Structures are given as structure tokens and as C-alpha cells.
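Residue numbers (the UniProt record's numbering), protein chains in the order written: chain D, 1 to 480; chain F, 1 to 480. Every residue, glycine too, gets a C-beta built ideally from N, C-alpha and C. No experiment lies behind these values; they were computed from the predicted model shown.
2 protein chains.
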Amino acid sequence: MNIKPVLYVVGLFLMLLGVVMVIPGTYDLIAEEGGGAGFFQAAIVTFVCGGVCSMSTRFTLFRLDPRQIFLLTTICWMAVSAFGALPFMFVEDMSFTDSFFETMSGITTTGSTVIAGLDQVDRGILLWRSLLQWLGGIGFIVMAVAILPFLKVGGMRLFQSESSDWSDKIMPRSGSIAKRIVGTYLALTLLCALGYWIGDMTWFDAINHSMTTLSTGGYSTWDASIGHFKSYWVYWNGTVFMLLGSMPFVLFVKFARGHTTDLFEDSQVQTLVGFMVALWVVMALWLTFEKDWQFFHALTLVAFNTASVVSTTGFALTDYATWSLFTTVIFFFLMFVGGCSGSTAGGMKIFRFQIGFKLLQLQLKQASHPRAFLVQRYNGQEITNDILRSLVAFSFFYGLLIALITMLLSALGLDLITSMTGAITAVSNVGPGLGSIIGPAGNFIPLPDAAKWILSVGMLMGRLEILTVLVLMTPSFWRN
Amino acid sequence: MNIKPVLYVVGLFLMLLGVVMVIPGTYDLIAEEGGGAGFFQAAIVTFVCGGVCSMSTRFTLFRLDPRQIFLLTTICWMAVSAFGALPFMFVEDMSFTDSFFETMSGITTTGSTVIAGLDQVDRGILLWRSLLQWLGGIGFIVMAVAILPFLKVGGMRLFQSESSDWSDKIMPRSGSIAKRIVGTYLALTLLCALGYWIGDMTWFDAINHSMTTLSTGGYSTWDASIGHFKSYWVYWNGTVFMLLGSMPFVLFVKFARGHTTDLFEDSQVQTLVGFMVALWVVMALWLTFEKDWQFFHALTLVAFNTASVVSTTGFALTDYATWSLFTTVIFFFLMFVGGCSGSTAGGMKIFRFQIGFKLLQLQLKQASHPRAFLVQRYNGQEITNDILRSLVAFSFFYGLLIALITMLLSALGLDLITSMTGAITAVSNVGPGLGSIIGPAGNFIPLPDAAKWILSVGMLMGRLEILTVLVLMTPSFWRN
Ligand SMILES: [K+]
Ligand SMILES: [K+]
Chain D
1 MNIKPVLYVV GLFLMLLGVV MVIPGTYDLI AEEGGGAGFF QAAIVTFVCG GVCSMSTRFT
61 LFRLDPRQIF LLTTICWMAV SAFGALPFMF VEDMSFTDSF FETMSGITTT GSTVIAGLDQ
121 VDRGILLWRS LLQWLGGIGF IVMAVAILPF LKVGGMRLFQ SESSDWSDKI MPRSGSIAKR
181 IVGTYLALTL LCALGYWIGD MTWFDAINHS MTTLSTGGYS TWDASIGHFK SYWVYWNGTV
241 FMLLGSMPFV LFVKFARGHT TDLFEDSQVQ TLVGFMVALW VVMALWLTFE KDWQFFHALT
301 LVAFNTASVV STTGFALTDY ATWSLFTTVI FFFLMFVGGC SGSTAGGMKI FRFQIGFKLL
361 QLQLKQASHP RAFLVQRYNG QEITNDILRS LVAFSFFYGL LIALITMLLS ALGLDLITSM
421 TGAITAVSNV GPGLGSIIGP AGNFIPLPDA AKWILSVGML MGRLEILTVL VLMTPSFWRN
Chain F
1 MNIKPVLYVV GLFLMLLGVV MVIPGTYDLI AEEGGGAGFF QAAIVTFVCG GVCSMSTRFT
61 LFRLDPRQIF LLTTICWMAV SAFGALPFMF VEDMSFTDSF FETMSGITTT GSTVIAGLDQ
121 VDRGILLWRS LLQWLGGIGF IVMAVAILPF LKVGGMRLFQ SESSDWSDKI MPRSGSIAKR
181 IVGTYLALTL LCALGYWIGD MTWFDAINHS MTTLSTGGYS TWDASIGHFK SYWVYWNGTV
241 FMLLGSMPFV LFVKFARGHT TDLFEDSQVQ TLVGFMVALW VVMALWLTFE KDWQFFHALT
301 LVAFNTASVV STTGFALTDY ATWSLFTTVI FFFLMFVGGC SGSTAGGMKI FRFQIGFKLL
361 QLQLKQASHP RAFLVQRYNG QEITNDILRS LVAFSFFYGL LIALITMLLS ALGLDLITSM
421 TGAITAVSNV GPGLGSIIGP AGNFIPLPDA AKWILSVGML MGRLEILTVL VLMTPSFWRN
């Protein structure tokens with residue numbers, strides 16, 4: 001395999017990353033925060049390394065085959081994490097392990113953090129964390145739009161179910177779709193920031209939080225997370241935009257172009273909204289009657305935190321793991337769910353549950369009426385053998401990966417709850433786990449370095465739909 | 001639907017159950033244990049009720065359609081649990097809830113118990129518990145042989161993958177197969193009892209434990225379970241026969257008829273044995289080096305307890321949940337695995353993992369070589385859309401059922417570990433869970449009554465491959 005074109009593109013991405021580092025650097029200079037120099041050093045190192053990488057591998061024929069794209073995707077994400085870690089090292093004197101973890105957690109929009117005392121941290125660093133998540137979120141969507149369909153063109157069955165949403169739409173080339181999606185993403189981010197600002201956040205807090213809300217990332221500028229702002233308006237603004245962040249962005253593009261019904265008629269969106277509302281009612285009533293909470297207060301806290309976990313954002317509003325045993329168990333299972341495909345959210349994704357549920361219904365009908373001929377469709381498409389295979393393979397390895405990471409973490413001496421929820425929260429890109437260490441009120445600092453590296457791999461694999469990374473580890477990938 | 005033939009068969013089963021109750025009753029009379037009268041009362045009530053049920057619905061045309069068989073299967077299992085509970089009520093004055101739980105746990109070969117102080121309990125009751133598991137075990141295999149293929153004949157896709165082992169064998173009618181399987185089951189039980197007796201068990205203990213070993217049930221006659229017998233011979237005898245109990249019994253029938261290679265060449269058996277040996281080496285080495293255990297001692301304890309959990313037997317040899325965090329996590333995941341299809345074991349079953357793994361391999365190969373044409377086979381059969389659908393439907397609801405039971409248990413005030421492992425251990429028919437209440441050293445007595453009923457439903461659904469019960473809850477089942 002010729003890896004030169006791969007390195008060329010990776011170099012371009014690093015140069016871009018270097019340029020972005022100038023933003024928090026400049027902010028620090030203007031706000032006299034003291035972190036400016038560190039950012040500019042990091043920017044120069046990153047830009048130069050990227051430049052050298054690109055220049056030395058520049059070539060004319062720019063055609064990538066599927067295998068090169070697989071390699072490119074994984075290497076890009078890893079290189080950005082490695083260089084994106086530099087500001088944390090230069091400005092905050094953090095170790096490479098912690099810096100890499102924080103960056104990987106950022107660009108995969110996971111949001112698990114190893115920084116405590118956010119209230120005292122350099123504000124450029126806070127901005128950098130938000131920027132990483134914002135870029136990671138849009139990077140993920142564009143990847144789903146511009147890269148995955150290309151892999152399909154090459155006969156790729158792997159992402160057929162993921163990208164099938166695209167194939168049947170009358171849309172021009174993916175480049176222009178990508179541009180429109182970026183525009184929509186930017187517009188929604190500004191709207192969200194405006195909402196937060198109206199809720200009495202400062203502009204700095206509003207912009208940071210809107211970037212990490214839309215990207216379903218979940219980094220905050222305060223240790224108390226969103227709970228720092230005592231405002232129902234802020235909480236509901238967050239709830240709405242976290243859910244928007246976990247819906248297919250292509251539908252927003254259509255919405256903006258006048259096709260408003262597509263959004264409301266989308267099967268994933270309907271299921272997501274219906275599921276959330278049902279959940280809110282059950283949990284809010286439970287807390288009202290069992291715990292004597294005031295109903296609207298309960299509803300707000302439930303809505304925000306469940307939206308946070310299902311959208312895989314990971315903001316915490318009070319330590320929800322201490323509410324009650326029943327609600328804790330619900331939060332545990334919500335970590336698997338995830339948002340819609342084509343959004344910034346992680347997790348198993350709504351459509352996989354929908355297909356599982358539809359097949360279950362079909363099986364049950366077939367059982368009592370064996371002679372009936374039933375074909376299963378999803379979103380108008382027949383669920384073919386290919387889609388089923390990919391579904392089984394994905395779900396199977398999703399479970400296996402979580403089991404494997406849980407075992408490795410426990411071998412490092414972590415307890416069952418910490419190991420298991422740590423694995424789930426990483427692979428699903430949620431952010432916080434459960435238990436006293438990494439729960440909503442906790443932090444990932446106390447974990448051993450080895451655990452941070454294991455979780456970094458889990459976050460990366462979870463973000464790249466697992467198989468994209470796994471395929472690099474097979475001998476047949478490297479054979480011609 | 002005409003439910004008369006269903007009630008007729010259920011009545012026959014109850015009459016048989018009444019007759020079997022005479023065995024522990026007679027034992028109690030001879031051993032002067034005092035429980036005799038209770039058993040005979042229960043036997044009479046059961047026999048008479050069964051007789052009335054049968055006589056009143058007797059009819060000539062005996063033909064059952066698939067829907068009647070579904071209904072029959074579930075009602076049979078429930079009726080046997082209800083009447084099998086009578087001896088516990090009459091002899092030990094247990095509540096109906098506890099008695100029903102203990103019986104359901106018995107005939108589903110789960111082995112979760114609500115009886116403490118086994119060392120002091122009426123010995124006829126101990127024998128009754130073992131008999132319930134032994135009958136449940138053989139009942140489950142015969143069901144897989146004689147009932148599931150019949151459902152398939154009716155166009156039933158549901159169990160195609162389960163029963164496909166049968167269709168391609170040159171075997172006479174299922175009746176004679178069933179007889180041979182019962183013979184093999186009996187022979188293996190006697191062999192196992194002989195092994196335990198050589199290891200210095202009394203005949204009473206040897207026969208009770210061999211019945212609960214072969215059926216992968218796990219009821220013991222002592223509070224310390226198998227750990228009561230301080231004998232490596234006993235432990236290894238148990239390990240071997242628990243694993244035999246979780247292998248396809250049709251292979252033993254063939255083995256006895258001279259086709260010895262079929263057993264060793266079977267894909268499920270190979271995977272099971274290979275997996276166990278690898279697991280033993282890893283865990284025994286871990287305990288030797290990390291915990292300074294003596295190697296052979298560690299190997300024995302690891303082999304016995306992992307075989308116990310994977311075969312879904314549930315005997316405990318020391319409180320393995322306290323060995324170390326790493327091994328506890330392994331035991332947690334082992335609760336899902338289960339034995340081979342066509343055995344007495346529960347769980348997800350080995351072949352489902354094999355298919356998942358094969359599809360994953362296929363996807364990865366296809367990803368890097370998009371133009372290659374790859375067909376996936378399992379045991380020589382192509383993995384068709386039907387099989388995939390049934391696999392997805394089963395696995396999906398397996399997960400959903402565990403999540404649902406976990407939530408219900410936590411709503412009753414049980415902690416996350418107890419709720420979750422309680423749900424898994426019930427649906428997988430393992431027996432013990434983890435945590436301080438229902439762990440290997442614990443007992444299900446402290447659970448609230450509602451939890452016991454919920455777990456009873458879980459055990460039943462797990463045993464009947466879930467969909468068999470679930471289909472009764474769909475409106476289309478009751479429509480013509
Ligand atoms: K997140
Ligand atoms: K069992």
C-alpha cells in the first residue's frame with residue numbers, strides 16, 4: 001500500500017490544527033491570561049510538523065482506495081490527538097498521557113476530563129477544549145457524509161446502513177452537502193450561544209458551552225458543569241440543543257431549504273423524541289412521588305440529564321447518580337443508547353435499536369403465523385442480508401470491546417462499576433461513568449496512566465464505528 | 001384456538017409429577033425424616049388435579065398446531081412450577097412465593113435458592129429439589145428434540161438455527177431419539193454419581209449432586225455447596241460432568257453408537273473446550289502470581305467455578321466473588337456465555353457467539369477486499385437471512401429483558417450490582433449473582449416477594465428461549 005497520500009492529507013490536517021491553535025493563543029494575549037506563548041509554541045510545532053509531512057509526500061495523482069481511507073481516518077484522528085495535546089503540555093504543564101487523554105476525549109466528543117479546578121484554569125485552555133470538541137463534532141459528521149459513502153462506492157457493505165440515508169436523496173455532490181452542513185452547524189451553534197447568553201451566561205461561557213453542546217461533547221468551563229448556572233432557562237436551552245445535536249444534520253439542511261416535513265417525519269427523530277418524552281414523564285413522576293421533589297424541578301433535572309446521556313453529551317446537572325437506585329440503573333442503560341446516525345452523537349445509535357425491535361416484531365408475527373410472507377423494511381428499504389450482517393458484526397464487537405476494556409481496567413485494580421461504566425462511557429463517547437471515581441461528580445485524574453491509554457483507544461474505536469479501526473488490525477488488510 | 005388438547009397434555013404432565021413426588025415421600029418414610037405425609041398430600045393433590053384436567057378435556061383427535069404448542073410449552077412449565085411447589089409448602093411451611101420461586105428455579109435448572117440452612121432441612125426436600133432440576137434438564141433437551149423441530153416443520157423459522165443440527169442428520173423419528181437421549185442422560189448421571197461416591201460422598205449426596213450436575217442446575221444438599229466436600233477428586237469430577245452437561249446430548253448418543261469422532265469434531269464443543277482451557281490458564285496464572293496461590297489449587301478452583309458459570313450450573317466453590325476485582329469481572333461476563341445448544345445449559349449459547357465472531361471476520365475481510373465474494377457458513381450451512389433475523393431478534397430481546405428486569409428490581413430498592421446480576425443470572429439460568437446479597441455465598445431469601453416473582457418470570461423466559469413466551473403476549477398470536 002502506498003501510504004504517501006495518507007501522510008499528505010494528515011499533514012494538511014495538522015497544519016489546519018496549528019492555525020486553529022492561534023485562536024485560544026490570541027484570546028489569552030488579549031485577556032492577559034498568560035497562556036499565549038504556550039499556544040503559539042504549540043501552533044508552530046504543529047504547523048511545521050504538518051507542513052514537513054505534507055511537503056515531503058506531495059504528489060500529483062490524488063486517488064485514495066478504500067484501504068488508504070481506512071488508514072487515513074484512524075491516523076488523522078490519532079495525529080490530531082497527539083498534536084492537539086501540546087497546548088495542555090505547554091500551558092498547563094500536564095503529562096503527555098493526561099494531555100493526550102484530554103485531547104482524544106475532546107475530538108471524539110467524549111468529554112471525560114482529567115482537569116480538576118476548571119474555575120482556576122487558563123481560559124485559553126478552556127477555549128481550546130471547547131474548540132476540540134466543536135471540530136471533532138463537525139469532523140465526525142463530515143466524515144459520515146463525505147467519506148463513508150465513498151467507501152460504499154467501492155462495494156463497501158460495511159456502512160451501507162449508515163450511509164443509506166444518503167443514497168436515496170436527490171442531493172448534489174458530497175462536497176456541497178458538506179459545506180451546507182458546516183453552515184448549519186455554525187448557525188445552530190450561534191443560536192445555542194444566544195440562548196445561553198439570554199440565560200445570563202457571559203459571552204465566553206455561552207460560546208464555550210454552545211460549542212460543546214452542539215457537538216454533544218460535554219466539556220464545561222466550570223467544575224460544577226452546567227449546574228454552575230442556576231437557571232431553568234439555561235437548562236432547557238441545553239436540553240433542546242443537545243437533542244438537536246443528536247439528530248441527523250442532513251435533515252436540518254433540508255429544513256433550512258424549505259423541506260420542513262422531512263425532519264418531523266424521520267423515523268429516527270420520531271423515535272428519539274417519543275422515547276425521551278416517555279422517559280421524562282416516568283422519571284419525573286417517580287422523583288415527585290418517591291422522593292418528594294417539586295414536579296417542574298424534577299422534570300427539568302430529568303430532561304437535562306437524560307438528554308445529556310442519550311445524546312452522549314455528558315453534562316451533569318447535580319450528581320444524578322445519587323438520586324435513587326432506580327434512576328441510577330436507568331442512567332446506566334441510557335449510556336448504550338446514543339443519538340441518531342448522521343449526528344455528532346455516539347453510542348449504539350437509535351436506528352440499530354429500531355431494526356432490532358422491528359426484527360423482533362417480525363419474528364413474533366411469523367411464529368404464530370408461519371405461512372405468512374413478511375418482508376422487513378426500515379425507512380422504506382428492505383433489511384437485506386448485508387445490513388443484518390453488518391448490524392450483527394457491529395453489535396457483537398461493541399459488546400466484546402466493552403467487555404474487554406472492562407476486564408483490562410479491572411486488572412489494573414478498578415472496581416466493577418468503575419471498570420464497566422468507564423468502558424461503556426468511553427466506547428459510547430458519553431463522558432462521565434458511574435461510581436465514586438468517574439461518576440457525574442467525579443473526574444478521571446485518579447485512574448492509572450495505563451487506564452487512560454486503554455480508555456483513549458476505546459474512545460477512538462467508539463467514535464470511528466469500531467470496525468474502521470479494527471480492520472487495520474487484521475492481516476488481510478495489509479495483504480494485497 | 002382450541003385449548004382443550006393443551007389442557008389435556010398439561011394434565012398428563014401433572015399426573016406424572018404427582019407420581020414423582022412419591023419418591024422423596026417414600027425416602028422420607030424409610031429414612032424417618034418426617035416429611036413423608038406432606039409429600040403424599042402434595043402427590044395426591046397434584047395427581048387428582050392433573051387427572052381432572054386431563055379427563056375433562058380428553059378427546060380423540062390429537063393434533064396440535066404451532067400456536068397450541070407454544071401455549072402448551074409455557075403453560076406446562078408454569079403448571080409444574082405451581083404444583084411442584086406444594087411439597088415445599090406442606091413439608092417446610094414455606095410461603096407460596098418462596099415455594100414457587102424454588103420450584104421454578106429448580107425445573108428451569110437455574111438453581112437460585114431461597115432456602116437457608118440446607119444442612120438441617122428435611123432430606124426428602126433436598127431430594128425433591130434435585131429431582132426437579134434433573135427432570136427440568138431432561139425436559140429441556142427433549143423439548144429441543146421433539147418439539148422445536150415440529151414447529152420448524154410448520155414453516156417455523158424461529159428455531160431453525162437451534163434445530164438445524166437435527167435436520168441434516170440421518171436419524172429416525174424424534175421419538176426414538178428422545179428415548180436414546182433419556183438413556184444417555186441416565187447413564188451419565190449414574191457415572192457422575194459413581195465419581196462423586198469414589199470421592200467419598202455418601203450415596204445420598206452423590207446422587208443428589210450428580211442429578212444437579214448433569215442438568216447444570218446447581219442445587220446442593222449443603223449450605224457450603226460443593227465446597228462442603230474437601231476433595232480435589234470431587235471438584236474435578238464436578239468440572240468434567242458440568243461441562244458434559246453443557247454439550248449437545250445428541251453427540252453423546254452418537255458416541256455411544258460408535259460415531260465417536262462427531263463429538264470431537266463438533267464446532268461448538270471444540271470452541272467450548274478451547275475457551276475453557278484458555279480461561280483456566282489465564283486465571284490460574286493470575287491468581288498464582290498476583291495472589292500467591294498454589295498453582296494446582298488455583299487451577300482447580302478456577303476450573304470448577306468457571307465451568308460452573310459457563311455451563312450455567314451455579315455451584316460455588318469458595319466465594320469466588322472475593323478473589324480479586326479482575327476475576328470478579330470475568331465471572332460477570334461469563335454469566336452471559338452459556339453452553340452449547342442441545343444441552344441442559346442456559347445462557348446466550350456458544351453458537352451465537354460463534355456466528356457473531358464469524359460475521360465480524362467476514363465484515364473485516366470484506367472491508368479491505370470489497371470485490372471479494374464471501375459467503376458465510378456455520379457447521380456447513382450458509383447463514384441465511386432467516387437465521388440472522390432470528391439471531392438479531394433473540395439477542396436484542398435478551399438484552400432488553402435483562403435491562404427491564406434490572407430496572408424493575410432497582411425500583412424495588414435493590415442496588416445496581418444485585419439488580420443487574422440478578423437479572424442476568426435468572427435469564428441465563430445460572431443461579432448465583434454477584435454482590436453481598438445474591439452472590440456465590442449469598443441467598444435469595446432477603447429479596448422482596450415482588451422481586452422473586454419478577455425473577456421467576458425471567459427464569460422461565462430464559463429457559464424457553466424467550467420468544468416462546470413472548471409470542472403469547474402479542475395480539476397477533478390470539479387472532480385467527
Ligand atoms: K460526550
Ligand atoms: K443453573
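- Task: In angstroms with no decimal places, state the Cα-to-Cα distance between F289 of chain F and L317 of chain F.
- Result: Locating residue 289 of chain F in the second sequence gives position 289, counting from the first residue. Locating residue 317 of chain F in the second sequence gives position 317, counting from the first residue. The straight-line gap from Cα to Cα measures roughly 20 Å.
- Query: Which word fits Y232 of chain D, buried or exposed, when buried means at least 16 other C-beta atoms lie within 10 angstroms of its C-beta?
  - Reply: Residue 232 of chain D sits at position 232 when you count from the first residue of the first sequence. Y232 of chain D is exposed by the Cβ-count criterion.
- Among the residues of its own chain, which have a CB less than 6 Å from the CB of T113 of chain F, if the five just before and after it don't count? The residue you call residue 113 of chain F lines up with position 113 of the second sequence. Around T113 of chain F, the same chain offers no residue with a beta carbon nearer than 6 Å, after the five sequence neighbours per side are excluded.
- Can you find a CB in chain F that lies within less than 9 Å of the CB of V471 of chain D? Position 471 of the first sequence, counting from 1, holds the residue named residue 471 of chain D. So yes, V471 of chain D belongs to the interface.
- Task: Please check the pair T271 of chain D and Q354 of chain D, which I expect to be a contact at CB under 8 Å, by giving their CB distance rounded to whole angstroms.
- Result: Working through the first sequence from its first residue, we reach residue 271 of chain D at position 271. Working through the first sequence from its first residue, we reach residue 354 of chain D at position 354. That pair is a contact at about 6 Å.
- Query: Under the three-state reduction of DSSP, which class applies to E382 of chain F: helix, strand or coil?
  - Reply: Mapped onto the second sequence, residue 382 of chain F falls at position 382. Of the three classes helix, strand and coil, the one that applies to E382 of chain F here is strand, per DSSP.
- Item | Span of the alpha helix (DSSP H), counted from its first residue to its last, around C340 of chain D | Along the first sequence, read from residue 1 onward, the residue named residue 340 of chain D stands at position 340. Note, C340 of chain D: premise wrong, no alpha helix (DSSP H); not H, not E.
- G195 of chain F beta carbon less than 9 Å from that of D122 of chain F: Locating residue 122 of chain F in the second sequence gives position 122, counting from the first residue. Locating residue 195 of chain F in the second sequence gives position 195, counting from the first residue. Not closer than 9 Å, so no.
- Item | Alpha-carbon to alpha-carbon, T322 of chain F and M283 of chain F | Position 283 of the second sequence, counted from the start, is the residue given in the question as residue 283 of chain F. Position 322 of the second sequence, counted from the start, is the residue given in the question as residue 322 of chain F. Roughly 14 Å separates the two Cα atoms.
- Item | Exposure of T260 of chain F, with buried meaning 16 or more beta-carbon neighbours within 10 Å | Counting from one through the second sequence, the residue named residue 260 of chain F turns up at place 260. Answer is exposed; the Cβ neighbour count stays below 16.
- Item | F295 of chain D, buried or exposed, once every other Cβ within 10 Å from all chains shown has been counted against 16 | Sequence index remark: in the first sequence, residue 295 of chain D carries index 295 (1-based). Its Cβ having fewer than 16 others within 10 Å, F295 of chain D is exposed.
- Closest residue to L243 of chain D among D:T221, D:G339 and D:K230 (Cα-Cα distance): Reading the first sequence from its first residue, position 243 is the one you call residue 243 of chain D. When each option's Cα is compared against that of L243 of chain D, the closest is D:G339.
- Query: Can you tell me whether DSSP reads R67 of chain D as helix, strand or coil?
  - Reply: Within the first sequence, the letter at position 67 stands for residue 67 of chain D. If DSSP states are grouped into helix, strand and coil, R67 of chain D belongs with the helices.
- Item | Any non-hydrogen atom of ligand 2 closer than 8 Å to T288 of chain F Cβ | Counting from 1 along the second sequence, the entry for residue 288 of chain F is found at position 288. Outside the cutoff, so no.
- Find the nearest neighbour of W286 of chain F within the set D:L412, D:H369 and D:P248, judged by alpha-carbon distance. Locating residue 286 of chain F in the second sequence gives position 286, counting from the first residue. Residue D:L412 is the option with its Cα nearest to W286 of chain F.
- Query: Does DSSP put R58 of chain F in a helix, a strand or coil?
  - Reply: Within the second sequence, numbered from 1, the residue matching residue 58 of chain F stands at position 58. R58 of chain F: coil per DSSP, three-state reduction.
- Between the C-alpha atoms of L279 of chain F and V309 of chain F, what's the straight-line distance to the nearest angstrom? To locate residue 279 of chain F, count along the second sequence from 1; it is residue 279. To locate residue 309 of chain F, count along the second sequence from 1; it is residue 309. Cα to Cα, the separation comes out at about 12 Å.
- 9 Å Cβ cutoff met for L391 of chain F and G356 of chain F: Against the second sequence, residue 391 of chain F aligns to sequence position 391. Against the second sequence, residue 356 of chain F aligns to sequence position 356. Cβ atoms of L391 of chain F and G356 of chain F: closer than 9 Å.
- Message: Quick check: is the beta carbon of M15 of chain D nearer than 9 Å to any beta carbon in chain F?
- Response: Numbered from 1 along the first sequence, position 15 holds the residue referred to as residue 15 of chain D. For M15 of chain D, the answer is no, since every Cβ of chain F falls outside 9 Å of its Cβ.
- If we count the other Cβ atoms within 10 Å of its Cβ and call it buried at 16 or more, is F13 of chain D buried or exposed? Walking along the first sequence from the start, residue 13 of chain D turns up at place 13. Counting every other CB atom within 10 Å of its CB across the protein chains shown gives F13 of chain D a total of 16 or more, marking it as buried.
- For S130 of chain F and N208 of chain F, believed in contact at Cβ under 8 Å, the rounded distance: The count along the second sequence starts at 1 and reaches residue 208 of chain F at position 208. The count along the second sequence starts at 1 and reaches residue 130 of chain F at position 130. That pair is a contact at about 4 Å.
- Cβ-heavy atom distance between T313 of chain D and ligand 1 below 8 Å? As a working mapping, residue 313 of chain D is identified with position 313 in the first sequence. Checking the Cβ of T313 of chain D against ligand 1 gives yes.
- Message: Can you tell me where the alpha helix (DSSP H) holding S246 of chain D begins and where it ends?
- Response: Position 246 of the first sequence, counting from 1, holds the residue named residue 246 of chain D. Careful: S246 of chain D lies outside any alpha helix (DSSP H) and carries neither H nor E.
- Message: Taking 8 Å as the cut-off, does the region 95-113 of chain F touch the region 46-57 of chain F (at least 3 CB pairs, one atom from each stretch)?
- Response: no
- Using three-state DSSP, classify R377 of chain D as helix, strand or coil. Within the first sequence, the letter at position 377 stands for residue 377 of chain D. Here R377 of chain D sits in strand by DSSP.
- Task: Could you pull the start and end residues of the alpha helix (DSSP H) that D200 of chain D belongs to?
- Result: For this step, residue 200 of chain D is matched to residue 200 along the first sequence. First-last for D200 of chain D: undefined, no H or E at that position.
- Using 9 Å as the limit for Cβ to Cβ distance, is F241 of chain D near chain F? On the first sequence, residue 241 of chain D is found 241 positions in, with the first residue counted as 1. It does not; no Cβ of chain F falls within 9 Å.
- Chain-order list of residues whose beta-carbon lies under 6 Å from that of Y378 of chain D (same chain, five-residue window excluded): For the purposes of this step, residue 378 of chain D is taken as the residue at position 378 of the first sequence. Excluding sequence neighbours, Y378 of chain D sits near I355.
- Task: For the region 421-429 of chain D and the region 80-98 of chain D, state whether three or more C-beta atom pairs, one from each stretch, are separated by less than 8 Å.
- Result: no
- Check whether the Cβ of G218 of chain F lies closer than 8 Å to any heavy atom of ligand 2, and answer yes or no. What you label residue 218 of chain F is simply residue 218 of the second sequence in a count that begins at 1. Relative to ligand 2, G218 of chain F has its C-beta within less than 8 Å of a heavy atom.
- Message: Measuring straight from C-alpha to C-alpha, what distance separates E162 of chain D and I350 of chain D?
- Response: Reading the first sequence from its first residue, position 162 is the one you call residue 162 of chain D. Reading the first sequence from its first residue, position 350 is the one you call residue 350 of chain D. Its pLDDT being 40, under 50, E162 of chain D is placed unreliably in this model, and the coordinates cannot settle the point.
- What is the rounded straight-line gap between the Cα of V20 of chain F and the Cα of M459 of chain F? For this step, residue 20 of chain F is matched to residue 20 along the second sequence. For this step, residue 459 of chain F is matched to residue 459 along the second sequence. One C-alpha to the other measures close to 23 Å.
- Message: Taking the beta carbon of L359 of chain D as the centre, do at least 16 other beta carbons fall within 10 Å, making it buried, or is it exposed?
- Response: As a first step, residue 359 of chain D is located in the first sequence; it is residue number 359 there, counting from the start. Counting Cβ neighbours within 10 Å, L359 of chain D comes out buried, since at least 16 surround it.
- Message: My output table needs one value for Q270 of chain F: the three-state DSSP class, helix, strand or coil.
- Response: Position 270 of the second sequence, counted from the first residue, corresponds to residue 270 of chain F. In the structure shown, Q270 of chain F sits in a helix (DSSP, three-state: H, G or I).
- Contacts that T406 of chain D makes with chain F (C-beta to C-beta distance below 7 Å): Position 406 of the first sequence, counted from the first residue, corresponds to residue 406 of chain D. Correct list: V329.
- Task: Please name the residues in the region 87-114 of chain F whose beta-carbon is closer than 9 Å to at least one beta-carbon of chain D, in chain order.
- Result: The region 87-114 of chain F vs chain D, Cβ under 9 Å: nothing.
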